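Start counting the sequence shown at 2; every next residue gets the next number (the working numbering).
The structure appears below as structure tokens.
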Amino acid sequence: MTMEDEDGSAALSARNIQRKAGGVGGNGVCIDRQPDTVVHQAGLNHTAGRGSRSGPGAHSATGIRVLKQRNMKRNGSRSCVTRKSRFGSRERDWLKGDTQRGCVCLYRGTAEPPPPSSGPQASSNPQTDLQLVLCSTSTTVEELCAQRDGQELYIQLHGDLVRRMDSSERPLQMVYDYLTSMGYADLTRVQHEAANSDLSCLIRFYSERPVNADQQERTLLKGVFSVRKGKTQLHKWAERQVILCGTCLIVASVKDSLTGKMHILPLVGGKVEEVKRRQHCLMFSSAGSQAQTYFVNFDSLTEYQRWHRQASKVVSQTVSVVDLSCYSLETVPEYLFYCQDITHLNLRHNFMNLQGPGGLLNLPRFSQLKSLNLSHNRLGVFPDCVCEILTLTELNLSCNKIHAIPEQISNLQSLQTLSLDGNHLDSLPEELGDLSQLNSLGLSFNDFSHIPAVLERLSTVDKLAMAGNRVESLDLCTLIRMSHLRNVDLRLNSLRWVKSEALTGMSQVTQLDLRDNLLDSADLSSMCNLETLHCQRNQLGTLTLSGFTLRTLHASSNRLTTVNLYPVPNQLTHMDLSQNLLEYLPDWICDCRKIEVLDITHNLLSELPSRLFNSLSLRRLLTGNNRLQRLPDLLDHVPLEVLDLQHNKLKELPESLFCKALNLKYLNASANALESIPPSSQSEESLSTLQELYLSGNNLNENCAALLVGHRNLHVLHMAYNQLLSFPASKLSKLELLEELNLSGNKLKSVPSTVSSCKRLHTLIAHSNHLTVFPEILSLPEIKLVDLSCNELTEIQLPESLPPTLQELDLTGNSNLILEHKTLNLFSHITTLKLDQKSTATLGDSLSSSCPWNHGYSEMTGQRNKLCVSVLAVDRFGDGVEACYGIFDGDRNEEVPRLLQCTMGDVLCEELQHSSLDSVYMCNTFLTSHRKLGMAGQKLGASALLCYIHHEATDSGGYLSLTVANVGTCQAILCRNGQPVQLSKVYSLESCHEEMERVKLNKAIITEISWDFIGQQSEWSHMLLSSVGLLLPVSVGASETVGAHRVPLSAG
């Protein structure tokens, strides 16, 4: 094995390390003995003790040395291991001898805060020392600590909480398991990655608990200060130990001692004020008529500000709340038990122990505790001691790997809320039914296969929260016996049947959630008082409901051909039937007198009923992606505000559309066959309120543009890919409120100079035309994005200065455009400037002209007008006829996409040197790129797709192959004979069953799955890749998060 990093230097080395005497084997330690643990430490005088038991060489008999880097500062995610220094040959040989040997990086965080004299610019992060520990996968924490004279080790995953490791845990094996679960398959590669210190942003080990100064301040403040009790001068100042913990100020009766009497001052609702006649002095007062007061004089301004800041938070509370969540705590601070007024204690997301002075067994000492949150603490068992806190009204034990609830739960007679979500429960004790005041019970994401019978006795619980369990059938008779239930949540189970044989009316349930199950039919007609039904993402072919009280119906992403409701749902206001197989709409829909929102997109509809289109209640009608050929005429004024007609077969719109729908603000009629649009009014004066109009992908000409003048409230106008030869200048000047204009893909030779009248315009997209003159838009005060690519521009007339708002300018594809240096300097402040690179290829480089592919890129911003997407496009990749293309979408962040754009191509080049198997090098490219992102990848993340065109290794002169890999919510689509062929999966919860099962297996609590198909423009981007002769795709495998697929391409 060659333990080298990206540029060929050893990965197992340390920054600026000066290697001294005493190397492995230099103290009589034979490498052939293959020691389990070798710790390397730099900066020590190794010559001081070759035979001494007290020097660094004392551990040589067991094969231990330490390479230590003192006070080393990390720079972002860059490796703290240099590429110039490396281990000696004996050490490398020892590593090569067995893949079960490797390196663990140990960090040491110091608890000392920076001195006050360092100023406000001083870093608050503790300095860290790095130790590189050579060991084997069988080495335990106990053995490591014994060899290092240490006491314990800590582990941190993804920059989150720090956990103390058990003595039997094996650090190197944990790293190997972690890397294997990520997708690394080859053990040699795992060994190499485990030695890379960049991995510390994912998994990091500490030789002592790192201390966060801010966290320590919020948990506990203490010190010895001058203290005076009371407001009168009768009491004298005295040095006392003072503690601020939880909700109380604690003052010891003697200096430097906590053995005497402790004076407790409750601060909630009290006061903390500055004492102006003394420097750095605060007055602490409790609330109430019998209020007590303490004066504390601090030694420095820093101490004074720290105590004032924390105490002010406490006194501002209306109830006695202590929040210690996410502090990596193992026990409750001992001083907190002096705060007997605490009513709400939050210990979520820690590592609480049962035993010890501050363990959970001591929680009953809080005599007034009402709310206790112990979620996400890895408890493994239900803490019985909690059942002794008889004052509890709220208890949260979610996500603790609990398998059973004790019978003693019945002691908590005051309990009103019990959260047990995200555990391993498959049954409940009968004693739970004795909790007469319990009104909220969370059982979601457990292992229940049926609804527990004990719930029948909990008469005050009105919601059945059992999402994410293993329930396969729902017997409505069971729900009838639970007459107290109003809301039933059974989403994300494995429901296949709903049993309702010989069932009388069930009147109590008003809300039912059956989303993301396996139902193929559902008869819920017996639920006569049902108001809201969610049944999205099932396999429903038929659905039968009662319409007496139905208000909201969500049934998208099924296989519905019809929906049966009786009687007509006169209370129905919102219905979503999108993503189904409807060929016609049921008659009862037209009779709904209160319906306001109707989504029937992505069905098989060829016509709409006239009564529906003329509804006097409908405000949003979404009918995109159907087969509509015509729309009925509007007979009267309608309240319609949003109308989505995109991707149909319409040749015309109703003549009276804009005259009768005066409230219409959004119209999307893109991707139809329109040759004209209706006038905005029947008179010269228009009452149009239209703000967004999308007409792209039709057959409209310049005559239609003249009809837009009546829509003077337009903010967004898209007329891309039509037959426009020009745009009337006088008409454009009337659209003064226009903010976004898209005229791409037409035959325009110029954009009218009157565009300068649109003072609010921030986006102009006019690519793929015949423009020869640069539009007069650089004087607009709010212009942000200008896309004039693929035109015939030859020069640009620029003002003396560009608007500071301009962020993106695309001038690619203008082959005759020549920019002077002065112009380029003027463009230097633009964040994204896209220009063609002039080719300097010689005759020997003419290979590029023979590439059998071309690429293009298209993008569209969404409601936030921010598209955080970066593109990697390399037409000539590597040494031969190869190419590499990628798209990286950061959703709301720009940092990660830009980092991937700069690094992922280089990473792919490196991975190609290690493996010729496409599923391996593509998967490893993603994994290595993720590691290189450092903490940015942990906090932000991105979706990514990478395409690699290459010759097969076994046939370098034959066919080309396209290998695709992706992560996140992005996808590669191949267009073959006009039909889309999916080359990759979308790794999201709603689209990937394996991803959903993985998340559920790890007991994550899924609160909502967002899958929005409304008619409005959504954020998207895509890259177009054309080639000659595409053959059938062949899957080459996928990992948990990265899918790789290969498509052979014809070379000719």
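Even glycine gets a Cβ: it sits at the ideal position worked out from N, Cα and C.
Computed from a predicted model, the values in this text were never measured in an experiment.
Tell whether a beta-carbon distance below 9 Å holds between residue i and residue j.
i	j	result
Asn401	Leu380	yes
Val717	Glu741	yes
Leu491	Ala454	no
Asn700	Ser671	no
Leu442	Leu475	no
Leu812	Leu836	yes
Asp890	Cys869	yes
Leu873	Leu901	yes
Met166	Leu154	yes
Ser1	Cys106	The question about residue 1 has no answer here: the residues shown for the chain are numbered 2 through 1053.
Ser816	Gly746	no
Ala192	Leu96	Note that residue 192 is Gln in the sequence shown, not Ala. Yes; because the gap between Cβ atoms is below 9 Å, this pair is in contact.
Pull up the DSSP beta-bridge partners for residue i, would you.
i	result
Ala670	Ala670 is not bridged to any residue.
Gly224	Val243
Ser474	Trp498
Arg109	Asp130, Glu209
His264	Val252
Could you say which of the options lies nearest to residue i if we only look at CA atoms?
i	options	result
Pro172	His193, Asp161, Arg190, Leu145	Leu145
Leu496	Thr138, Glu1009, Ser522	Ser522
Asp300	Ser790, Thr926, Glu240	Glu240
Leu203	Glu274, Phe338, Asp178, Ser227	Asp178
Ala721	Leu765, Ser607, Glu686, Gln692	Leu765
Ser1114	Pro680, Asn378, Leu736	Nothing in the structure corresponds to residue 1114, since the chain is present only between 2 and 1053.
His719	Leu733, Gln152, Glu737, Glu693	Glu693
Gly938	Thr505, Leu744, Asn894	Asn894
Ser682	Glu953, Met576, Lys661, Asn354	Lys661
Arg552	Thr545, Leu566, Leu531	Leu531
Which of the three DSSP states is assigned to residue i in this structure?
i	result
Gln216	helix
Thr970	coil
Ile590	helix
Asp199	helix
Ala937	helix
Leu827	helix
Glu783	coil
Gly549	First, the amino acid is wrong: residue 549 is Phe here, not Gly. In the structure shown, Phe549 sits in coil (DSSP, three-state: anything other than H, G, I, E or B).
Leu742	strand
Leu173	helix
Ala49	Residue confidence is low: Ala49 scores 32 on pLDDT, short of 50, so the model does not pin down where it sits. No coordinate-derived value is stated.
Asn664	coil
Phe296	strand
Met997	helix
Ala707	helix
Tyr305	helix
Ile410	helix
Ala730	helix
Gly906	helix
Enumerate in chain order the residues of its own chain whose CB-to-CB distance from residue i is below 8 Å, with the five nearest sequence positions on each side excluded.
i	result
Gly973	As written in the sequence, residue 973 is Ala, which differs from the Gly given in the question. Taken in chain order, the residues that qualify are Leu946, Cys948, Val965, Asn967, Gln983, Leu984, Ser985, His1046.
Leu426	Ile403, His404, Ala405, Ile406, Leu444, Asn447, Asp448, Phe449
Leu283	Val273, Glu274, Glu275, Val276, Phe296, Val297, Phe299, Tyr305, Trp308, His309, Ala312
Leu541	Leu520, Asp521, Ser522, Ala523, Ala556, Asn559, Arg560, Leu561
Cys529	Gly506, Met507, Ser508, Ser547, Phe549, Thr550
Arg190	His915, Asn925
Can you give me the Cβ contacts of residue i inside the same chain, cut-off strictly under 7 Å, excluding the 5 residues immediately before and after it?
i	result
Lys256	Val225, Glu240, Arg241, Gln242
Thr138	Gln101, Arg171, Leu173, Gln174, Tyr177
Excluding sequence positions up to five away, which residues of its chain have a Cβ less than 6 Å from the Cβ of residue i?
i	result
Leu1059	The chain is shown only over 2 to 1053; residue 1059 falls outside these bounds and no answer can be derived.
Glu584	Leu605
Glu676	Asn700
Asn626	Thr602, His603, His648
Ser727	Glu703
Glu1115	Absent from the model: residue 1115. The displayed extent of the chain is 2 to 1053, so no value can be given.
Ser871	Phe889, Pro898, Arg899, Gln902
Asn978	none
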